[in-house]
Amino acid sequence: MSAHAGDFVWRASGAIASAVQRGDRAVIVCLSFGERGESASQWLAGKSLEEIKAMRRAEAEGAAAALGAEIEFLDAGDYPLLESPELTDKLVQVFRRVVPTVVLTHPLTDPYNGDHPAAARMTLQARILAQAIGYPGEGEPLGAPPVFFFEPHQPEQSDFKPNVLLDITAAWPAKLEAMKCLPAQKHMWDYYSDLGVRRGVQVKRNAGPNLGLPVDTKGEAYMRYYPQVTTVLE
């Protein structure tokens, strides 16, 4: 669940590509195109709102294709992305239709971008409603898929404490290809390439058997929202 068309690329495309490479289905939902707040270069170039939305849609579709994922757009608008029962219901229907086993979205805190926590709040509410047998809609009630918050742009300011480090080394070429599909935010390419390297170092440092191995590991960081249920501590 991505507030804007580019968020899933920078923050979670390694996880998405990894899932697809395992043979799993990955569905991306963009609540907006990021047309107002994340397309500054296009506004400066004199493009109209509709031109920018079409361009951002094409970029996101290209990125999703590079990852092998499905993508859909709710066109709810950004800056601000307004929470509403209607938009939350659309997310409920997505949950009922897709029946996800894992949910990725934004953290609940981001002092720099109110659209991100708004998307997270609606995602969590929709997950709860999708579990209710009496909530109207097609499909069966949802189970309890775990929710992972992907890393915000400024984690220290967003109370983001990564407790899950994902090895995305095998998926890294796909993530790079997806990032290159978003020239409207070209300034992000280097930042998230560097972040993949730094999180990769942490992956190695926290993987006991692999400690110190000279592997060019790439990583993504996540924060788990609900408790893990397991019969074995590992």
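Residues 3 to 236 in our numbering are what the sequence shown lists, from first letter to last. Note that the Cβ used here is the ideal one computed from N, Cα and C, for glycine as well.
Alpha carbon of residue i to alpha carbon of residue j, nearest angstrom
i           : j           : result
residue 150 : residue 17  : 11 Å
residue 35  : residue 79  : 7 Å
residue 116 : residue 82  : 7 Å
residue 169 : residue 49  : 39 Å
residue 54  : residue 110 : 28 Å
residue 228 : residue 47  : 44 Å
Boundaries of the alpha helix (DSSP H) in which residue i is found, first to last residue
i           : result
residue 130 : 117-133
residue 9   : 9-23
residue 53  : 51-69
residue 112 : Taken as a continuous stretch (DSSP letters only), residue 112 belongs to no alpha helix (DSSP H), as it is neither H nor E.
residue 203 : 190-207
Per-residue DSSP class, three states only, for residue i
i           : result
residue 225 : strand
residue 35  : coil
residue 101 : coil
residue 43  : helix
residue 29  : strand
residue 84  : coil
residue 179 : helix
residue 143 : coil
residue 93  : helix
residue 185 : helix
residue 157 : helix
Unbroken beta strand (DSSP E) run spanning residue i, endpoints
i           : result
residue 170 : Taken as a continuous stretch (DSSP letters only), residue 170 belongs to no beta strand (DSSP E), as it is neither H nor E.
residue 149 : 149-152
residue 162 : Segment: none, residue 162 is in no beta strand (DSSP E) and carries neither H nor E.
Residue i - partner residues in DSSP beta bridges
i           : result
residue 232 : DSSP, once it has assigned bridges, lists no residue as partnering residue 232.
residue 72  : 29
residue 106 : 150
residue 4   : 32
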